[in-house]
Amino acid sequence: MTATVLPGAAPERFSTTVTTMLYPELFRSLEAVRWDMETDIPWNRFDASLLTDEQAETIRMNAITEWSALPATEMFLRDNRHDSDFSAFMSVWFFEEQKHSLVLMEYLRRFKPEMVPTEAELHAVRFEFDPAPPLETLMLHFCGEIRLNHWYRCAADWHTEPVIKQIYETISRDEARHGGAYLRYMKKALNNCGDVARAAFAKIGVLMASARRTEKPLHPTNLHVNQALFPRDTVQSRLPDPAWLERWLDEQIRFDGEWEKKVVERILHNLSILFERTFATAQELNRYRREVTARPHRVADSVVDSV
1 MTATVLPGAA PERFSTTVTT MLYPELFRSL EAVRWDMETD IPWNRFDASL LTDEQAETIR
61 MNAITEWSAL PATEMFLRDN RHDSDFSAFM SVWFFEEQKH SLVLMEYLRR FKPEMVPTEA
121 ELHAVRFEFD PAPPLETLML HFCGEIRLNH WYRCAADWHT EPVIKQIYET ISRDEARHGG
181 AYLRYMKKAL NNCGDVARAA FAKIGVLMAS ARRTEKPLHP TNLHVNQALF PRDTVQSRLP
241 DPAWLERWLD EQIRFDGEWE KKVVERILHN LSILFERTFA TAQELNRYRR EVTARPHRVA
301 DSVVDSV
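Using UniProt numbering, read the sequence shown as starting at 1 and increasing by one per residue.
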């Protein structure tokens, strides 16, 4: 599943002082573990008695949601013209995210062909995102990959049909690897941008680690990204059933407080390593954010002062 951007001021341009490119190494590492849709998915183990129409509909919604990697990639390339290393990595990320959509559609094509998304339904989630600061967008995507990894693992537990269980387990591992790749670019940004990057990452980290305080799931595909299209400016709002995500999480796969705690812990753990400082709560991270933004090189005021 893809992540989008927080609308706001025009993107900040940050230097790429560190000259070592990450793309070649990331390409090789991701290529080494890439799975084959024909041979690594156990299609012959399908058990029709273990798949309901209700479950198939959630697979359909996830397939459409994953298709939104297309507009997200267009956004990334537009807002990161200054960074050819990161833009090159987008070729890998885009390929693998679109493959997630494709494998879910292939599952439906084989076993529930009447539920395969139409081209019009897929195209509906391709729309332009407003420009946003690239450092904040990077952090948002990092958190989105962590969250999606946990959503898909929870979905794999919910399903009993063997093939879709394997598919969700497989793509959840991709999402974890994508999060690791984004973390590498975040480390590079810290070397290049210092406190500007720290403040941007902490700002979004506080927001995404405070999801239990919000009514809606804090995933990038559920955020408003185009002011001119409001209220149909989230990916989820453009799906055939805009309310499906909350129902899937709360009533079907039951992504409960224990699962949410795991997401928050992973976000805080990784930021603790990144910033070389321990954060046990979002409040501690927010205090750090205020400390960083109080230094001479301030960034834009935070939207999360109330946390």
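Note that beta-carbon positions come from the ideal geometry of N, C-alpha and C, so glycine has one too. What you are looking at is a predicted structure, and each value in this text was computed from that prediction instead of being measured.
Among the options, nearest to residue i - alpha-carbon criterion
i	options	result
Glu66	Pro117, Arg78 and His224	Pro117
Ala120	Pro240, Tyr182 and Asp85	Pro240
residue 310	Ala282, Tyr168 and His150	No answer is possible for residue 310: the residues shown for the chain start at 1 and end at 307.
Ser68	Glu96, Leu190 and Met115	Glu96
His123	Val92, Phe230, Phe27 and Arg238	Arg238
Arg290	Leu190, Thr58, Phe27 and Lys203	Lys203
Leu249	Leu190, Cys154, Leu274 and Asp233	Cys154
Ala189	Val225, Leu138 and Asp53	Leu138
Phe275	Ala197, Trp93 and Phe94	Ala197
Leu135	Arg126, Asn80, Met115 and Trp93	Asn80
Gly180	Met208, Gly205, Trp259 and Asn270	Asn270
Ala199	Asp85, Met115, Ala294 and Arg110	Ala294
Asn44	Arg110, Asn62 and Lys187	Arg110
Ala72	Gln98, Ser49 and Val103	Gln98
Asn226	Tyr182, Glu260 and Val125	Val125
Lys187	Phe86, Leu50, Ser49 and Ala48	Phe86
Arg228	Pro113, Leu218 and Phe127	Rather than Arg, the amino acid found at residue 228 in this sequence is Ala. Out of Pro113, Leu218 and Phe127, Phe127 has the C-alpha closest to the C-alpha of Ala228.
Val33	Pro242, Met208, Val92 and Leu207	Val92
Leu26	Tyr182, Glu258 and Gly257	Tyr182
His82	Pro133, Ser49, Leu70 and Asp40	Pro133
Run of the alpha helix (DSSP H) containing residue i, from where it starts to where it stops
i	result
Met37	Premise fails: Met37 is in no alpha helix (DSSP H) and is neither H nor E.
Ala243	No alpha helix (DSSP H) holds Ala243; DSSP gives it neither H nor E.
Gln55	Asp53 to Trp67
Phe86	Ser84 to Phe111
Asp157	Pro134 to Trp158
Phe129	Here Phe129 belongs to no alpha helix (DSSP H), and DSSP marks it neither H nor E.
Leu50	Run containing Leu50: none; DSSP gives neither H nor E here.
Ile171	Pro162 to Cys193
Ala228	Unbroken run through Ala228: none, as it is neither H nor E.
His219	No alpha helix (DSSP H) holds His219; DSSP gives it neither H nor E.
Val263	Gly257 to Phe275
Glu291	Ala282 to Thr293
Leu122	Glu119 to His123
Rounded separation between residue i and residue j - CA only
i	j	result
residue 313	Gly194	No answer is possible for residue 313: it lies beyond the span of the chain, which begins at 1 and ends at 307.
Ile64	Gln252	18 Å
Glu31	Pro296	42 Å
Pro24	Arg184	13 Å
Met37	Pro131	34 Å
Glu220	Val235	The question names Glu, but residue 220 is Pro in the sequence shown. The alpha-carbon atoms of Pro220 and Val235 are separated by roughly 8 Å.
Phe89	Val264	26 Å
Thr278	Ile267	12 Å
Asp157	Glu57	17 Å
Met105	Asn192	41 Å
Arg298	Phe201	Below a pLDDT of 50, predicted positions are generally treated as unreliable, and Arg298, at 47, falls in that range; no measurement from the model is reported.
Val304	Leu108	Below a pLDDT of 50, predicted positions are generally treated as unreliable, and Val304, at 38, falls in that range; no measurement from the model is reported.
Val5	Met75	Bear in mind that a pLDDT of 43 at Val5, under 50, signals an unreliable position, so the model cannot answer this.
Pro42	Gln166	8 Å
Arg13	Leu77	Bear in mind that a pLDDT of 45 at Arg13, under 50, signals an unreliable position, so the model cannot answer this.
Ala280	Trp244	32 Å
Pro11	Phe129	In this prediction, Pro11 has a pLDDT of 43, which is less than 50 and means its spatial position is unreliable; what the coordinates show is noted afterwards. Their backbone Cα atoms lie some 12 Å apart in a straight line.
Arg28	Ser272	27 Å
Thr20	Arg232	40 Å
Ile171	Met61	15 Å
Phe46	Glu54	17 Å
Ile59	Ser84	35 Å
Val103	Asn222	22 Å
Tyr168	Tyr152	5 Å
Arg254	Glu260	11 Å
Met115	Val292	50 Å
Thr52	Pro113	14 Å
Gly205	His141	11 Å
Leu218	Ala209	9 Å
Phe94	Ser101	11 Å
Thr2	Thr39	With a pLDDT of 47 at Thr2, under the threshold of 50, the modelled position of that residue is not reliable, and the figure given next carries that caveat. Taking the straight line joining both Cα atoms gives about 25 Å.
Ala48	Glu258	31 Å
Ser306	Leu207	Its pLDDT being 35, under 50, Ser306 is placed unreliably in this model, and the coordinates cannot settle the point.
Leu22	Trp35	22 Å
Phe230	Asp256	29 Å
Pro242	Leu70	19 Å
His224	Leu50	36 Å
Closer than 8 Å: residue i CB and nearest the ligand COA heavy atom
i	result
Leu30	Absence of the ligand COA from the depicted structure is noted, as is the absence of any ligand whatsoever, leaving it without description.
So does the stretch 283-290 actually touch the stretch 151-171, counting three or more Cβ pairs closer than 8 Å?
no
Does the stretch 170-189 come into contact with the stretch 131-147, if we say contact requires no fewer than three beta-carbon pairs (one atom in each stretch) closer than 8 Å?
yes
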